[in-house]
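Numbering (my numbering), first residue to last: 14 to 438.
In this text, a Cβ means the ideal position worked out from N, Cα and C, and glycines have one as well.
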Ligand SMILES: Cc1ncc(COP(=O)(O)O)c(C=O)c1O
């Protein structure tokens with residue numbers, strides 16, 4: 014549906030819900046407060062009902078009764094087993110994805126690996142829209158390697174997108190690694206990952222994608238696109254829960270000679286031999302480090318089935334419709350109140366969250382949380398980020414969220430809040 018066909022108002026939103034092929038999947042999630050509009054964008058996915066049951070069994074039976082025997086009853090294989098499920102969401106054949114550590118740590122491991130595979134090249138290319146932790150990791154890697162590398166950050170003309178040709182011009186014969194967020198965290202800009210990967214390969218550079226804001230929301234085809242390396246978190250669209258471990262992907266033909274910079278016993282060929290010398294295990298498992306967080310892994314495992322059952326094609330279809338509807342409402346309801354769109358207009362270049370900008374964005378966001386029953390998140394300097402999750406966000410919620418934002422501004426409710434930032438926004 015084109016933006017032109019939308020209409021404002023709750024009745025039209027209900028009509029969109031009635032046509033929604035994924036409407037019933039909302040019932041698979043815990044909705045503790047039906048009046049709370051959860052549009053956090055998207056730093057923590059909702060809790061699936063089946064995870065509650067799975068956690069009860071994991072805690073009471075597997076930990077409580079089975080105790081240490083759990084390791085031989087499926088815990089040990091969990092990082093690889095759950096990795097294979099995620100592989101299905103990112104277009105990866107078997108044996109290329111494991112769950113381990115945080116996104117930042119995985120980015121460190123794979124960046125160091127990539128740089129070791131391209132000796133003699135001294136350039137790393139990323140962009141100014143990348144998640145700061147990713148850039149910190151890259152800065153730390155270059156420092157660790159004696160400041161031999163130059164980290165080039167491709168600029169953004171509008172703060173929302175990166176011009177593809179400007180990026181291509183930055184990728185040269187000196188480039189060892191191109192590493193970007195597939196969907197950028199603030200504006201939701203979606204890269205053409207296939208085209209960027211191809212361009213990098215043309216000059217012999219490796220590519221490492223951060224899929225944190227795309228996995229589970231946008232179709233990803235790592236094998237088909239020829240991607241070398243990827244990382245991503247699981248607490249957003251994968252509903253893995255707070256602090257759930259991240260995943261990493263290493264293309265099969267790169268694995269044999271790729272060494273992790275962190276040699277831990279879970280990446281060792283036979284950890285329970287307790288050999289004094291490290292020998293990496295076969296395949297992507299060598300990128301594991303220490304004891305994995307089993308409870309989080311088991312929570313995530315049960316949640317992933319929801320996405321696999323819904324299918325990414327349907328998920329993406331609804332995501333585009335949700336974000337297009339929101340963009341329409343921003344234009345018609347919020348723009349007259351001083352809001353600007355902080356995300357791409359073209360749905361083909363947009364992930365599943367939409368940022369709206371307002372000079373009073375921080376205080377408006379506070380008012381929404383404190384008194385309006387809307388939970389977005391705020392990203393400096395003036396972005397209210399609204400995450401729309403196809404499995405549980407309804408069109409009626411999108412309408413209602415916009416209407417409550419309108420009220421906060423029209424009734425000047427935000428004036429009651431200080432401009433000083435809370436610790437976590
Ligand atoms: C795009 C992106 N990359 C990396 C991270 C950091 O992830 P972690 O805290 O798992 O290291 C985040 C966190 O939100 C993110 O959005």
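Pop quiz: residue i and residue j are said to be a contact at Cβ under 8 Å. What is the actual Cβ separation, rounded to whole angstroms?
i, j, result
"residue 320", "residue 102", "6 Å"
"residue 127", "residue 208", "Contact flag wrong, Cβ pair sits at about 20 Å."
"residue 262", "residue 235", "6 Å"
"residue 342", "residue 412", "7 Å"
"residue 228", "residue 184", "Actually they are not in contact, since the Cβ atoms of residue 228 and residue 184 sit about 24 Å apart, beyond 8 Å."
"residue 52", "residue 388", "7 Å"
"residue 325", "residue 99", "That pair is no contact at about 12 Å."
"residue 199", "residue 398", "7 Å"
"residue 323", "residue 37", "In fact, because the Cβ distance is near 10 Å, the residues do not count as touching under 8 Å."
"residue 21", "residue 346", "6 Å"
Are the CB atoms of residue i and residue j nearer to each other than 9 Å?
i, j, result
"residue 258", "residue 247", "yes"
"residue 150", "residue 230", "no"
"residue 365", "residue 355", "no"
"residue 299", "residue 293", "yes"
"residue 303", "residue 58", "no"
"residue 142", "residue 169", "yes"
"residue 334", "residue 29", "yes"
"residue 373", "residue 344", "no"
"residue 27", "residue 409", "yes"
"residue 330", "residue 385", "no"
"residue 108", "residue 237", "no"
"residue 137", "residue 124", "yes"
"residue 56", "residue 260", "no"
"residue 438", "residue 392", "yes"
"residue 280", "residue 310", "no"
"residue 308", "residue 95", "no"
"residue 353", "residue 427", "no"
"residue 135", "residue 90", "no"
"residue 180", "residue 140", "yes"
"residue 488", "residue 244", "Not covered by the structure: residue 488. The range shown for the chain is 14 to 438."
"residue 191", "residue 221", "yes"
"residue 422", "residue 275", "no"
"residue 66", "residue 315", "yes"
"residue 130", "residue 24", "no"
"residue 9", "residue 206", "No statement about residue 9 is possible, as the shown extent of the chain runs from 14 to 438 and does not include it."
"residue 41", "residue 69", "no"
"residue 92", "residue 111", "yes"
"residue 97", "residue 88", "no"
"residue 201", "residue 226", "yes"
"residue 241", "residue 210", "yes"
"residue 338", "residue 19", "yes"
"residue 177", "residue 164", "no"
"residue 313", "residue 251", "yes"
"residue 266", "residue 54", "no"
"residue 173", "residue 357", "yes"
Would DSSP call residue i helix, strand or coil?
i, result
"residue 84", "helix"
"residue 140", "strand"
"residue 347", "helix"
"residue 284", "helix"
"residue 42", "strand"
"residue 194", "strand"
"residue 184", "coil"
"residue 105", "coil"
"residue 436", "coil"
"residue 72", "helix"
"residue 202", "strand"
"residue 289", "coil"
"residue 112", "strand"
"residue 427", "helix"
"residue 354", "strand"
"residue 51", "strand"
"residue 305", "coil"
"residue 92", "helix"
"residue 132", "coil"
"residue 61", "strand"
With hydrogens ignored, establish whether the beta-carbon of residue i is closer than 8 Å to any heavy atom of ligand 3.
i, result
"residue 122", "Ligand 3 is absent from the structure shown, which contains only ligand 1."
### Query
Could you give the uninterrupted runs of the alpha helix (DSSP H) lying entirely in the region 359 to 419, keeping only those of 4 residues or more?
374 to 384
### Completely contained alpha helix (DSSP H) runs for the region 204 to 279, where each covers 4 or more residues
206 to 215, 235 to 238, 265 to 268
### Query
Considering only residues of the region 135 to 180, which uninterrupted beta strand (DSSP E) runs meet the minimum length of 3 residues and lie entirely inside it, listed in chain order?
Counting only runs of 3 or more, we get 136 to 140, 163 to 167.
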